[in-house]
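Participant: The structure under discussion is supplied below as structure tokens; questions concerning it will follow.
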Amino acid sequence: MGSLILDSDSIKRRLIDPIRLAHALGLDEGAQRQRDGLTVLCPWHRERRPSCSVTVGPDGTLRSHCFGCGNGGDVFSLAGAAFGLDVHKEFARVMQELAARCGLDGSAPLPLPPRRLPPPRTPPPLSEVGTFVARCPSVCEDPALALALLDLRGLDPAKITDRDLARALPVGPLPAWARCEGQSWRDSRHTLIVPLWDEEGQLASVHARSLQPDADPKGLSPAGHSSAGLILACSFARQILTGGIPAWWHHSEPPTFIVAEGVPDFLTAGCHYGEWEFAPAVIGVISGAWSKEVAARIPNGSRVVIRTHSDDAGRKYLRQIAG
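The structure is reproduced here in structure tokens:
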């Protein structure tokens, strides 16, 4: 097939569909529609919540702007960031690669985007999460849940409450995302609510767990959302993630961290130790939770104890955390 003579202006004038461009650049995962285009995960910096706007500008061509890092520009700037190329020093290469990806060099048709954008790969809106967690009573206030915790591993509901490790599902209306296969978390009996935190120790989402022996699945993320990169954490661990080793820590060695796999092991470790002054910081990981960002917040010199299961999933977690 013969090649086409292309120039930068003709490419910009032909690439005016934000959805098709995002699909061609591999930026459509987690993308969210907005009035004039899309919000995508920024290709200039690592993030979990889309903050990069891709819209049609006043001149009829696409423009981008990240509200997180401030980077942006025209279609070539976006493409260069997606390709990992310097658009100023390697403009010709960016233009050629973009034309090839979008079928403008005659090699292939412009790739069609999916009929529907994939569901957002992000946590629910933070305002909804905060309101939901604030409504969650302590596990001690739910007698059935408290008894189930005692039956599970002899877990003390009072310690779970005192250390704010988990809460109970609130009464009244639930958010639209508190559902599983058409059932609310209340109907599916996922009544233990464990807050999820980001690498800076900030509330980001929740994990719902059923303590029923026959529950399948036992744990749920908010429907239509992702919990990737979010962890379970005791209050001491959150304090360190947020601001580093606190001033009241007078030991010569940094605090010990325990990284436990799954909710039961996290609660067990979180309830096992005594006062903060001597207790380790406890983190829990569920599917897709561990990240380099979390690892980077653990103070240098800290002793890290990894407690994972002796199965394939546990060994995978062990490799991820130890690496």
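Per the numbering used here, residue 66 is the first one in the sequence shown, and the count goes up by one each step. Glycine residues also receive a C-beta, built at the ideal position from the N, C-alpha and C atoms.
Might you give, ordered along the chain, the residues of its own chain that have their beta carbon closer than 7 Å to the beta carbon of valine 152, omitting 5 neighbours on each side?
Facilitator: Hits under 7 Å: Phe141, Ser142, Gly145 and Val159.
Participant: Can we say the stretch 291 to 311 touches the stretch 345 to 352, given the rule of at least three CB pairs closer than 8 Å?
Facilitator: The stretch 291 to 311 vs the stretch 345 to 352: in contact.
Participant: To the nearest angstrom, how far is the alpha carbon of cysteine 201 from that of isoleucine 225?
Facilitator: Those two C-alpha atoms are separated by around 13 Å.
Participant: Cβ of glycine 289 within 8 Å of Cβ of histidine 272?
Facilitator: No, the pair does not count as a contact, with Cβ atoms beyond the cut-off.
Participant: Would you mind working out which of Arg251, Ile305, Arg228 and Asp229 sits nearest glycine 398, comparing C-alpha positions?
Facilitator: This structure cannot speak to residue 398, because the chain is shown only from 66 to 388.
Participant: Using beta-carbon positions only, say whether alanine 326 and valine 350 come within less than 8 Å of one another.
Facilitator: The identity of residue 326 in the sequence shown is glutamate, whereas the question assumes alanine. Yes, they are a contact pair.
Participant: Would you decide whether proline 260 is buried or exposed? Buried here means 16 or more other CB atoms lie within 10 Å of its CB.
Facilitator: That one is buried.
Participant: Over what stretch of residues does the alpha helix (DSSP H) that includes cysteine 308 continue unbroken?
Facilitator: The displayed chain sequence assigns glycine, not cysteine, to residue 308. Unbroken alpha helix (DSSP H) run through glycine 308: 300 to 308.
Participant: Provide the residue(s) that pair with glycine 137 in DSSP beta bridges, ordered along the chain.
Facilitator: Partner(s): His130.
Participant: Hey, could you find the ends of the alpha helix (DSSP H) leucine 214 is sitting in?
Facilitator: Its alpha helix (DSSP H) spans residues 208 to 218.
Participant: Please tell me whether leucine 169 and leucine 332 are closer than 8 Å, where the distance is taken between their beta carbons.
Facilitator: No, the Cβ-Cβ distance between leucine 169 and leucine 332 is not below 8 Å.
Participant: Taking the beta strand (DSSP E) that glutamine 391 belongs to, which residues open and close that run?
Facilitator: As shown, the chain starts at 66 and ends at 388. That puts residue 391 outside it, with no answer to give.
Participant: Does the distance from the C-beta atom of leucine 295 to that of tryptophan 242 stay below 8 Å?
Facilitator: The answer is no: Cβ separation not under 8 Å.
Participant: Counting pairs of Cβ atoms below 8 Å between the stretch 200 to 219 and the stretch 103 to 120, do you hit three or more?
Facilitator: Contact between the stretch 200 to 219 and the stretch 103 to 120 is absent, because fewer than three Cβ pairs lie under 8 Å.
Participant: Here's the rule I'm using: 16 or more other beta-carbon atoms within 10 Å means buried, otherwise exposed. How should glycine 237 be labelled?
Facilitator: The residue in question, glycine 237, is exposed, as its Cβ has fewer than 16 Cβ neighbours within 10 Å.
Participant: Just to confirm, are serine 118 and glycine 102 a CB contact at a threshold of 8 Å?
Facilitator: A contact, by the Cβ cut-off of 8 Å.
Participant: Quick check on histidine 272: does DSSP put it in helix, strand or coil?
Facilitator: Correct three-state label for histidine 272: strand.
Participant: Could you pull out every residue in the same chain whose Cβ sits closer than 6 Å to the Cβ of glutamate 264, ignoring the five residues on either side in sequence?
Facilitator: If we look at glutamate 264 and ignore the five residues flanking it on each side, its Cβ neighbours are Glu358, Val359 and Arg362.
Participant: Answer yes if the stretch 77 to 91 comes into contact with the stretch 120 to 129, meaning at least three C-beta pairs across the two stretches below 8 Å, and no otherwise.
Facilitator: Verdict: yes, contact present.
Participant: Pull up the distance between the alpha-carbon of glycine 319 and that of arginine 228, whole angstroms please.
Facilitator: Note that residue 319 is proline in the sequence shown, not glycine. In a straight line, the C-alpha of proline 319 is about 21 Å away from that of arginine 228.
Participant: In chain order, what residues of the same chain have a beta carbon less than 6 Å from the beta carbon of proline 364, not counting five sequence neighbours either side?
Facilitator: Result list for proline 364: Ile310 and Pro319, in chain order.
Participant: Please list the terminal residues of the continuous beta strand (DSSP E) segment that includes valine 159.
Facilitator: Taken as a continuous stretch (DSSP letters only), valine 159 belongs to no beta strand (DSSP E), being part of the alpha helix (DSSP H) at 156 to 166.
Participant: Under 8 Å between C-beta atoms, does glycine 168 make it to chain C?
Facilitator: In the structure shown, chain C does not exist; there is a single protein chain.
Participant: Is histidine 272 close to the ligand COA? I mean its beta-carbon at under 7 Å from any heavy atom of the ligand.
Facilitator: By its list of ligands, the structure shown contains no ligand whatsoever, and the ligand COA lies outside what it can speak to.
Participant: Which of the three DSSP states, helix, strand or coil, is assigned to glycine 289?
Facilitator: It is coil, neither helix nor strand.
Participant: In this structure, does DSSP put cysteine 201 in helix, strand or coil?
Facilitator: Cysteine 201 falls in the coil class under three-state DSSP.
Participant: If you draw a straight line from the C-alpha of leucine 90 to the C-alpha of aspartate 82, how long is it?
Facilitator: Distance between the alpha carbons of leucine 90 and aspartate 82 is about 12 Å.
Participant: Report the three-state DSSP secondary structure of cysteine 336 (helix, strand or coil).
Facilitator: Helix.
Participant: For alanine 354, count neighbouring C-beta atoms within 10 Å of its own C-beta (all shown protein chains included) and say buried if the count is 16 or more, exposed if not.
Facilitator: Under this definition alanine 354 is a buried residue.
Participant: In angstroms with no decimal places, state the Cα-to-Cα distance between cysteine 336 and arginine 98.
Facilitator: Going by the C-alpha atoms only, they are around 43 Å apart.
Participant: Can you name the start and end residues of the alpha helix (DSSP H) that alanine 360 belongs to?
Facilitator: First-last of the alpha helix (DSSP H) with alanine 360: 357 to 362.
Participant: Which two residues bound the contiguous beta strand (DSSP E) that contains isoleucine 348?
Facilitator: 346 to 350 is the span of the beta strand (DSSP E), which, as asked, contains isoleucine 348.
Participant: Is it buried or exposed, tryptophan 313, if we count other Cβ atoms within 10 angstroms and call 16 or more buried?
Facilitator: Tryptophan 313 comes out exposed.
Participant: Count the other C-beta atoms from every protein chain shown that fall within 10 angstroms of the C-beta of glycine 60, then say buried if there are 16 or more, exposed otherwise.
Facilitator: Because residue 60 is not part of the residues shown, which for the chain are 66 to 388, the question remains open.
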